[in-house]
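Each residue of the sequence shown is one higher than the one before, starting from 66 at the first, in my numbering.
Contents: one structure, followed by commentary.
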Amino acid sequence: MVSRTPQIQAGRRRLARRAASVLLLTAVGGGLPAAAEAEAASRTPVITVIRCVPAGSAACAGGVAVAPGRLLQFSGRRLRDGMRVSFRWPTGALATKLRSDRNGYTARVPVGTRAGSVTVTVTDGAGRRSAAKRIRVLAGGSTPARAPVVSGLPDSFAGHGMWIWELPKTEGGSVAAIARRATAAGFKTVFVKAADGRNVWRQFTPALITTLKAAGLRVCGWQFVYGSYPTGEAAAAVEAVRRGADCFVVDAETQYEGRYSAASTYMKALRAGVGAAYPLALTSFPYVDYHPSLPYSVFLGPGMAQVNQPQVYWKDIGGTVDAVSARTFAQNRPYGVPIAPLGQTYQKPAASELQRFRQVWLSYGAGGLSWWDWQETTDAAFTTLAAPVPAPITLPDPGWPVLRKGSKGDQVVWLQQHLTTFAPAVKVNGSFDAATVAAVKALQTARGFTPSGQTDPATWQAVLLEPNVPIDWSGRKAPAAPRTAATTTALRSAAGAPRTDIPTQGFGGAGG
Numbered sequence: 066m067v068s069r070t071p072q073i074q075a076g077r078r079r080l081a082r083r084a085a086s087v088l089l090l091t092a093v094g095g096g097l098p099a100a101a102e103a104e105a106a107s108r109t110p111v112i113t114v115i116r117c118v119p120a121g122s123a124a125c126a127g128g129v130a131v132a133p134g135r136l137l138q139f140s141g142r143r144l145r146d147g148m149r150v151s152f153r154w155p156t157g158a159l160a161t162k163l164r165s166d167r168n169g170y171t172a173r174v175p176v177g178t179r180a181g182s183v184t185v186t187v188t189d190g191a192g193r194r195s196a197a198k199r200i201r202v203l204a205g206g207s208t209p210a211r212a213p214v215v216s217g218l219p220d221s222f223a224g225h226g227m228w229i230w231e232l233p234k235t236e237g238g239s240v241a242a243i244a245r246r247a248t249a250a251g252f253k254t255v256f257v258k259a260a261d262g263r264n265v266w267r268q269f270t271p272a273l274i275t276t277l278k279a280a281g282l283r284v285c286g287w288q289f290v291y292g293s294y295p296t297g298e299a300a301a302a303v304e305a306v307r308r309g310a311d312c313f314v315v316d317a318e319t320q321y322e323g324r325y326s327a328a329s330t331y332m333k334a335l336r337a338g339v340g341a342a343y344p345l346a347l348t349s350f351p352y353v354d355y356h357p358s359l360p361y362s363v364f365l366g367p368g369m370a371q372v373n374q375p376q377v378y379w380k381d382i383g384g385t386v387d388a389v390s391a392r393t394f395a396q397n398r399p400y401g402v403p404i405a406p407l408g409q410t411y412q413k414p415a416a417s418e419l420q421r422f423r424q425v426w427l428s429y430g431a432g433g434l435s436w437w438d439w440q441e442t443t444d445a446a447f448t449t450l451a452a453p454v455p456a457p458i459t460l461p462d463p464g465w466p467v468l469r470k471g472s473k474g475d476q477v478v479w480l481q482q483h484l485t486t487f488a489p490a491v492k493v494n495g496s497f498d499a500a501t502v503a504a505v506k507a508l509q510t511a512r513g514f515t516p517s518g519q520t521d522p523a524t525w526q527a528v529l530l531e532p533n534v535p536i537d538w539s540g541r542k543a544p545a546a547p548r549t550a551a552t553t554t555a556l557r558s559a560a561g562a563p564r565t566d567i568p569t570q571g572f573g574g575a576g577g
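Now the structure itself:
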């Protein structure tokens, strides 16, 4: 199946026949009981008011007038999280989902919505649709590009944080001094290396965790993983979590490229060991297109890591804060989990760069960010980080990855996982093949878009509304990826050489 149009038409014919039957009954004298009509009406969602966020926006003084990407607040009756919000105009439509956050019920105007008068409706899971409200959509351009699903960021990752690699080289190993400096700098979370491969580090002790928590800090453990013994690595991670960590981060880099089966084994074992709701994050390379064989889709798949912490080391990469951040945002946004970037304090970046990094990511909607790493942070940098964060600004939307026929890699895997329900002919193989082109064109046609057969902002947002059907790669061949990644610089590993590590207890064994 590559199109839902026949099913939609058949459904409309069934509805028409039912409506005719009701009219016939009414004409004969039976009629639809008033109680039944009232019952149906009592379940339909109702939109009473749509407002801009923030409510005082000058553009909305005379009514709702917003650019694509902006947030809207919905008031009404029988509204629920996850309901479908449709934005319709004479020649097309886009949809997103209603979310419940600190602003109430909200939804973003999808990128790709046509400028002009647009009607907005909310539909529940039973297909009951509200009456339409009309808004005005402004022409696109420089619009705030908000991080996806910001409201879903676990509290453990919210706010300002700092990473610790080697405890003896951090404030001389004094946990009390670490707590004092973290509090003075306004840090909310301290990320401490807890494991390397199958080895739990002895620096990650219950005493350290208890002392930092007593100072009002959250403590998150992190582990560098290799993929050779995924079961043993997961066991080490679970042991670290049991020592009292508030959250846990998986650091998967070059060693995990192409290891889809290992990633599936590791993440399933880790999630089983810590529970379904425990806060997990992935930290890895910022440019997904430079590392197309790294299984981001597994680590960030349904039920796995709830947070994405890309390593946005702009100075090491050789770019500006704005350019590196924009590319990182664009390359990671399809995965649909909150982005809480990891910036750099090593290599002595300028104070202006540190503040710009905070401002840019606040403007993108990031609910948290952190820094690599404590032992390489100067006193001057700590002073800068303690200063108030600059106010958010309006930034150009960084865009979305463009995938087309011949594209390969993990982003194609993610796309295909969302297409298989709409078009069962699509195989999740990491290759943008003929079946994938046909499915993308069919979806574009069904949504009123130009059927280009390649991804654009509107197509991505439509695809991501489809169910994600993850693949269990355990024991399976890895998906297709380009033979060589387009890397132009070696991004710094957040783990260091294993020989400098200080393991104390190993888990797993050969084949673990």
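The beta carbon of each residue, even a glycine, is placed where N, CA and C say it ideally should be.
Everything numeric in this text was worked out from a predicted model, so none of it was measured.
A straight line joining the alpha-carbon of Pro155 with that of Ala204 spans about 16 Å.
DSSP places Val386 inside the alpha helix (DSSP H), whose first and last residues are Val386 to Asn397.
With a cut-off of 8 Å on Cβ pairs, the region 453 to 465 is in contact with the region 381 to 397, counting three or more such pairs. C-alpha of Ala415 to C-alpha of Arg246: approximately 20 Å in a straight line. Between Tyr361 and Gln320, the CB-CB gap reaches or exceeds 9 Å. With at least 16 other beta carbons inside 10 angstroms of its own, Gln509 counts as buried. DSSP places Phe422 in the helix class (H, G or I) of the three-state scheme.
At least 9 Å separates the beta-carbon of Gln374 from that of Ser428. Looking from the CA of Thr520, the closest CA among Tyr411, Tyr331, Ala503 and Ile536 belongs to Ala503.
Cα atoms of Val505 and Thr186: separation of roughly 25 Å, rounded to the nearest angstrom. By the CB criterion at 9 Å, Thr113 and Gly134 fall outside the cutoff. A distance below 8 Å between beta-carbons, with the five flanking residues on each side excluded, links Arg199 to the following residues of its chain, in chain order: Ser182, Val183, Thr184 and Val185. Residue pairing by DSSP puts Gln409 in a beta bridge opposite Trp437. Its Cα nearest to that of Arg179, the residue Arg512 stands out among Ser517, Gly368 and Arg512. Between the alpha carbons of Gln526 and Thr515 lies a gap of roughly 15 Å. Ala250 has its alpha-carbon roughly 15 Å from the corresponding atom of Gln440. Annotation: the continuous beta strand (DSSP E) that includes Ala346 extends over Leu345 to Thr348. Residue state for Lys253 is assigned as coil, using DSSP reduced to three classes. Given a length threshold of 3 residues, each whole run of the beta strand (DSSP E) inside the region 234 to 295 is given here in chain order: 254 to 261, 264 to 266 and 283 to 290. From the listed residues Val150, Gln371, Val240 and Ala299, the smallest Cα separation to Ser221 is found for Gln371. The region 376 to 386 makes no contact with the region 491 to 499: fewer than 3 CB pairs, one atom from each, lie closer than 8 Å. Ranked by Cα distance from Ser151, the first of Leu335, Trp479, Arg194 and Ala132 is Arg194. In the DSSP secondary-structure assignment, Phe152 is bridged to Leu159 and Val185.
Arg263 sits close to Ala300, with the two beta carbons spaced by under 9 Å. Rounded to the nearest angstrom, the gap between the Cα atoms of Asp444 and Val303 is 35 Å. If you draw a straight line from the Cα of Tyr331 to the Cα of Ser539, it is about 10 Å long. Contact check for Gln420 and Thr449: beta-carbon distance about 7 Å, within the 8 Å limit, so the pair qualifies. In the structure shown, Trp379 falls within a helical segment according to DSSP collapsed to helix, strand and coil. Per DSSP, reduced to three states, the secondary structure at Trp228 is strand.
In this structure, Gly226 places its C-beta atom within 9 Å of the C-beta atom of Cys285.
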